[in-house]
Every structure is written in structure tokens, then in C-alpha cells.
Ligand code: MLT
Ligand code: MN
Ligand code: ZN
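Numbering (our numbering), first residue to last: 1 to 306.
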């Protein structure tokens, strides 16, 4: 299978429009060595498929499509390489890009869980608004790990499991999470059997999730914050990383400990990185620690062949 990282940043992007943290200001004035990143999305296809699934529709989708020739194969006057869209949650950074796909000629094929569907019809009624444009042909993602395929995206299949994380701030169940607010995806190549585990919003460890990570050949997981109190320390929020559904990398029980338990052959990549995270700075000690541990930091345009 082929995986392209369209956007490796968390909500807000990097640099964020209104932010002057060390990373954002340093990227703008050239004093921090780092790559700019757009908001969270990947696309995936089988090796011989010209059609891709878009996993999360970022507010930056138009820029991401322009940067990715595979997504415009040019087979007809109006065409796209995006055969379907799959959402792992209903967050603004993962769903707003649906509006930008409204010129689609057929109903937009959309896979999401029932709670995300409800949120995108009620709290943030993107799907109801889209009915005035292309409309969506929505398919439900089961939470029991059942395999499913996306028509036209040949050579791969998908399965999902619920994650401990948070629904979007506008959701009526932001503080009373329900199963399916966030999912982790296993994407399997039907020929080679190789697996990607993708979970950009992962707030807590549990055995089922760990098993899925252990079975994968590559994990792309929540890289939002380095420390649990990162936003508090900057004076930007009163909430910890865990409070908003993101497991920090450092500290007891953090993502680094978790990744260290995976078999050595598993490729480990952090994605959905907040602009305050010191790992974005390629000269930082935190980035050096990741390198020592064999952990990669996703960037826009990163291509992975599995
Ligand atoms: C998150 O991942 O916690 C959200 O995308 C934050 C946001 O909407 O900015
Ligand atoms: Mn996000
Ligand atoms: Zn910033």
C-alpha cells in the first residue's frame, strides 16, 4: 500500500496564523530549523490503484491536493483521485475540508462512525449544509473491528476500533465520551498483509489498542504534545494534553514509553503535531531523543510504501 501524509500538523497548522510561540515565530523569522506543516490528513491506496481514500478532510485540503499529483489523475473533464473520505473523528481540523469538496459530481462517499455522523449533522451540521451541494453517501464504520473496503480503492481493507480521546469541543458529548467519538484505523494491504495503524488523536493507553499497534508494520500515532502541561506552560490554555484527548510523548505513561514496548521492526511515526511541540524544531534535544529512539516525525509530503 501507499500512504501519503497530506498534513502532519494538529489543528491550527504550523505556523499557526495567530501564534508567536518559539516554534511559530522562529519558523517565520528563520531562526528555528523546521518544516511548515498543514493540518492533519493522510491518503492511502493499494499499490495498483489510481483511486485513493482521503483519511480526514483538513481545512487545508485544496493546498494539499495541489501538492499531491496522485490526487488529480486527470481522466476526465471533472475528476479526482479521491474515491472516498474516511473520518476518524468530527474535529474541525479533520472535517472542515468536506466543504471544499462540494463541487464533487456524485454524492461524496463518506465513512464515519455513528457519533461522528450525529455531530456532523447536529453540533456542526456540515453534512446538512452539503446536501445543498454534492450531498454525501454516508457509510457507517462499525466499532467491532469488522473489515470493510472502499469501492475503487483496490488492494487494501480497513478496520476500526474505538479510542479513548475526546469528541470535538462543539459536541454535546465532549465531556461524556461515547465509543466512536474517535477511532484508530488498521489499514491492511490484501496482498502483502502489511498493516498501518493510524490514530492521530489517542488520549490513553489500553490493551486492545496496544495489540493493534503491536501487530502493525507501521504506526502513525498522536504526536500533538511533548508534555502534558504544554499549553498551560505557554499560558495558552487551562487544560492538559490528556484533558483534551491527546497522550503526551514525555513523562510517565507517555507515548515514548508505549512506543518503546513495540517490536523493533515496527516503524514508528508521530503525526498531528501541535505547533508548540518542541519536536518540530530539528535542532531540539527532544527531536534528538526521538531520533535516538528510532521515532520519526511526520511531515507534509512524506510517502510510505508498505
Ligand atoms: C484536537 O485534535 O484536539 C482538535 O483538533 C483541536 C482543534 O479543533 O483545534
Ligand atoms: Mn486535531
Ligand atoms: Zn505556535
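Glycine is no exception: its CB is placed at the ideal position from the N, C-alpha and C atoms.
- At least one heavy atom of the ligand MN lies less than 7 Å from the C-beta of residue 11.
- A straight line joining the alpha-carbon of residue 244 with that of residue 18 spans about 21 Å.
- Using a C-beta cut-off of 8 Å, the segment 223 to 230 makes contact with the segment 269 to 288, since at least three inter-stretch Cβ pairs fall below that distance.
- In the three-state scheme derived from DSSP, where H, G and I count as helix and E and B as strand, residue 64 is classed as helix.
- Using a C-beta cut-off of 8 Å, the segment 170 to 178 makes no contact with the segment 66 to 85, since fewer than three inter-stretch Cβ pairs fall below that distance.
- In this structure the segment 113 to 131 does not lie against the segment 77 to 86, because fewer than three pairs of beta carbons, one per stretch, are closer than 8 Å.
- Fewer than three beta-carbon pairs drawn from the segment 58 to 68 and the segment 234 to 251 are found closer than 8 Å, and the two stretches are therefore not classed as touching.
- Residue 21 carries a coil assignment under DSSP once its states are collapsed to helix, strand and coil.
- For a cut-off of 8 Å, the C-beta gap from residue 215 to residue 48 is around 24 Å, too long to register as a contact.
- Sorting 149, 131, 162, 16 by C-alpha distance to the C-alpha of residue 143 places 162 at the top.
- Taking the CA atoms as reference points, residue 291 sits about 36 Å from residue 100.
- Counting the other Cβ atoms within 10 Å of the Cβ of residue 113 gives 16 or more, which makes it buried.
- With a threshold of 7 Å, the Cβ atom of residue 16 does not count as near the ligand MLT, since no heavy atom of the ligand is closer than that.
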